[in-house]
Structure formats: structure tokens, C-alpha cells
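Just so we're on the same page, this note's numbering is the position in the sequence shown counted from 1, plus 164.
Below is one structure, written out as C-alpha cells; comments come after it.
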Amino acid sequence: MMKNPGVIAINQDELGKSITLRRRYPNDMDIWSGPLKDGSTVAVIINWADTTGQKLIQLSDMGFESARIRDVRTGNDLGPMSKTFTQNIPKHGSVILRLSETKEIPKRNFVRFAAEKAEVVSPAHLKQVGDIKVAAGIESEGKGSVVWKDIPGGQNGPVLVSFDYINADLPWSNKDHSKLNFKRAAVMINDDPNLKFQVHFPITGYTWGDVYQGFLVSLPLPNAKNTIRIVGLDHSAPDFAALSVEVPAAPAATTPKP
Numbered sequence: 165m166m167k168n169p170g171v172i173a174i175n176q177d178e179l180g181k182s183i184t185l186r187r188r189y190p191n192d193m194d195i196w197s198g199p200l201k202d203g204s205t206v207a208v209i210i211n212w213a214d215t216t217g218q219k220l221i222q223l224s225d226m227g228f229e230s231a232r233i234r235d236v237r238t239g240n241d242l243g244p245m246s247k248t249f250t251q252n253i254p255k256h257g258s259v260i261l262r263l264s265e266t267k268e269i270p271k272r273n274f275v276r277f278a279a280e281k282a283e284v285v286s287p288a289h290l291k292q293v294g295d296i297k298v299a300a301g302i303e304s305e306g307k308g309s310v311v312w313k314d315i316p317g318g319q320n321g322p323v324l325v326s327f328d329y330i331n332a333d334l335p336w337s338n339k340d341h342s343k344l345n346f347k348r349a350a351v352m353i354n355d356d357p358n359l360k361f362q363v364h365f366p367i368t369g370y371t372w373g374d375v376y377q378g379f380l381v382s383l384p385l386p387n388a389k390n391t392i393r394i395v396g397l398d399h400s401a402p403d404f405a406a407l408s409v410e411v412p413a414a415p416a417a418t419t420p421k422p
């Protein structure tokens with residue numbers, strides 16, 4: 165891949181900005197993107213599934229309503245796209261795209277729910293970090309949890325949930341030890357085992373005092389009011405400061421005719 169001239173050009177772009185994780189679809193795919201010097205955007209879509217297949221890509225995950233899309237590896241111009249498009253991606257593979265002629269989406273609206281307003285189940289506990297409290301001590305194998313209740317949902321399709329959390333569990337002696345620089349946790353919706361999702365939360369920094377804000381995960385919230393429970397899996401979960409849920413924008417007010 166690194167001998168591909170299109171990929172090399174992206175890697176050596178003079179702006180020098182790294183791509184960032186825009187949205188994670190648990191057990192399905194990751195959406196990464198970042199800006200380029202000429203004003204276009206590079207996007208990397210990673211298929212986490214065990215099968216090759218068509219992926220429905222939401223341009224809104226990268227902040228756009230529409231864009232002209234080019235496949236970086238092949239050089240093929242896929243043409244202008246609006247809202248969604250599909251890509252065939254090999255299992256555990258990726259596609260690299262260049263987006264130009266982009267139109268940005270309106271600003272998203274989120275409602276925030278702090279950890280101190282959630283139910284924290286022992287041995288998990290609230291811990292003061294700076295001027296906020298975080299839910300800490302969510303141990304492995306379901307020992308302890310943090311539960312948010314009355315979370316709005318009921319929309320068609322998955323809902324964008326934003327997590328503020330801390331994960332400074334660095335690999336020992338600078339070795340990876342198969343951790344891949346993330347902590348895995350289970351996010352369960354409405355305590356339904358059929359709505360239990362494994363989420364990988366990346367390292368946020370070197371200390372347990374720095375909160376990363378805005379880690380986006382796509383989750384189903386089928387009811388008007390839902391619960392979101394986070395438990396540890398094979399290791400302890402990150403510390404959580406809050407979650408926020410995207411809500412539809414309020415309709416514009418209209419002035420009655422005289």
C-alpha cells in the first residue's frame with residue numbers, strides 16, 4: 165500500500181494533520197478523517213467485520229452533507245455523493261477516500277448526562293478529577309458498572325452517543341502486550357442481552373486526570389427513554405465523566421400570517 169502514489173501523496177501532505185476517529189460502529193466499522201492542504205479531506209474506512217461486504221457510509225460522520233469522492237488507491241473518481249454512499253471493503257480491510265467540493269452539515273445538537281447523575285454500582289465509585297466527578301473502578305467481568313437512565317431515543321436507526329472518558333492504561337514497559345492501546349468495555353442498552361455492544365476506547369493520554377471529550381459511538385436507542393449500562397470485559401473499563409446523546413434539531417419557528 166505504501167508504494168501507491170496516491171497513498172504516498174496523502175501521507176506526505178504538507179498540512180501535516182493527523183486523521184482522527186470520527187465515529188465507531190461497534191463490531192462493524194470505524195470512520196476516520198482529516199484535512200489536507202488543498203482544502204479536501206481524506207477519509208479512511210476500516211471494516212472490523214469477519215466478512216467482506218458493502219458498507220453504507222454516512223457523509224455526516226465526516227461532517228458533510230455532500231462531497232465529490234475519489235478512491236485514493238485506484239484513482240477512480242466516484243463522482244458527487246449526497247448524504248450516503250456504499251463501498252465494498254474486504255474483511256478487516258480498509259478503503260482510503262479523498263473528499264472534495266464538500267458541503268458541511270449543520271451543527272449537531274447533544275444533550276449531556278454527567279456521571280455524577282448516573283447510578284454507579286459497586287465496586288465502581290465516583291472519583292473527583294479536577295472540578296468534575298468520574299465513574300471509576302469499573303472492574304473486569306462485569307464487576308461494577310455505571311448506568312445512565314432516561315436517555316432519550318426512539319429515532320429511526322442508530323443514534324450518535326458521545327462519551328467523555330479517561331483511559332491512561334499504558335502498556336507496561338512501552339510494549340503493546342496485545343492491548344492495541346485501547347480498553348474494551350460492554351455497552352448494554354436497556355439491559356437487553358441482544359443490545360450489548362463491545363466498544364474499544366482508545367488511550368486518551370498519559371495521566372488519569374485528562375478527560376477526552378467527544379468519542380462518538382453509534383448505538384440503537386429504541387425507546388423514548390432508555391438506559392445505558394457500561395461494564396468491564398476482560399479488563400477494567402475506562403473512567404467515565406459523561407455521555408451525550410444527539411437529539412434532532414428543533415424545527416424552526418414560524419411566524420403566523422397576519
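The beta-carbon is built from N, C-alpha and C at its ideal position, and this holds for glycine as well.
Remember, it's a predicted structure, so these values are computed and weren't measured experimentally.
{"Item": "With burial defined as no fewer than 16 other Cβ atoms inside 10 Å of the residue's Cβ, what is the status of residue 362: buried or exposed?", "Value": "exposed"}
{"Item": "Which residues share a DSSP beta bridge with residue 278?", "Value": "406"}
{"Item": "Going by beta carbon distance, what residues of the same chain come within less than 8 Å of residue 290, once the five residues before and after it are set aside?", "Value": "279, 280, 284, 297, 298, 299, 300"}
{"Item": "With residue 169 as the anchor, note down where its alpha helix (DSSP H) starts and where it stops.", "Value": "169-175"}
{"Item": "For the beta strand (DSSP E) containing residue 372, name the first residue and the last one.", "Value": "Premise fails: residue 372 is in no beta strand (DSSP E) and is neither H nor E."}
{"Item": "Tell me whether the stretch 253-262 and the stretch 216-233 touch, counting them as touching only if at least three CB pairs, one residue from each stretch, are closer than 8 Å.", "Value": "yes"}
{"Item": "Once DSSP output is grouped into helix, strand and coil, what is the label at residue 224?", "Value": "helix"}
{"Item": "Verify the contact flag: residue 290, CB atom, against every heavy atom of the ligand GDP, threshold strictly below 7 Å.", "Value": "Of ligands this structure carries none, so the ligand GDP is not represented either."}
{"Item": "DSSP beta-bridge partners for residue 215?", "Value": "Residue 215 is not bridged to any residue."}
{"Item": "According to the neighbour-count rule (16 or more other Cβ atoms, all chains shown, within 10 Å of its Cβ), is residue 172 buried or exposed?", "Value": "exposed"}
{"Item": "Looking only at DSSP bridge pairs, what is residue 294 linked to?", "Value": "Beta-bridge pairing links residue 294 to no other residue."}
{"Item": "Please classify residue 186 as buried or exposed, where buried requires at least 16 neighbouring CB atoms within 10 angstroms.", "Value": "buried"}
{"Item": "Is it right to say residue 261 is buried, meaning 16 or more other beta carbons lie within 10 angstroms of its own, or is it exposed?", "Value": "buried"}
{"Item": "Report yes if the C-beta distance between residue 204 and residue 242 is below 8 Å; otherwise report no.", "Value": "no"}
{"Item": "Can you check DSSP and say which residues form a bridge with residue 250?", "Value": "220"}
{"Item": "Taking residue 346 as the reference, give the member of 379, 240, 271 with the closest Cα.", "Value": "379"}
{"Item": "Hey, how far is the Cα of residue 327 from the Cα of residue 356?", "Value": "20 Å"}
{"Item": "Near residue 269, what residues of its chain come up, given a Cβ to Cβ distance below 7 Å and the 5 sequence neighbours on each side ignored?", "Value": "224, 227, 228, 229"}
{"Item": "Report yes if the CB atom of residue 411 is closer than 8 Å to the CB atom of residue 325, and no otherwise.", "Value": "no"}
{"Item": "Tell whether a beta-carbon distance below 8 Å holds between residue 309 and residue 394.", "Value": "yes"}
{"Item": "Just list the residues that DSSP pairs residue 198 with in beta bridges.", "Value": "206"}
{"Item": "As a quick exercise: from 184, 330, 189, 182, pick the residue whose alpha carbon is nearest that of residue 360.", "Value": "189"}
{"Item": "Using the three-state DSSP reduction, which class does residue 358 fall into: helix, strand or coil?", "Value": "helix"}
{"Item": "The beta strand (DSSP E) with residue 192 in it runs from where to where?", "Value": "Element bounds for residue 192: n/a, residue is neither H nor E."}
{"Item": "Where does residue 286 sit, in a helix, a strand or coil, going by DSSP?", "Value": "coil"}
{"Item": "DSSP has residue 348 in a bridge; who is on the other side?", "Value": "364"}
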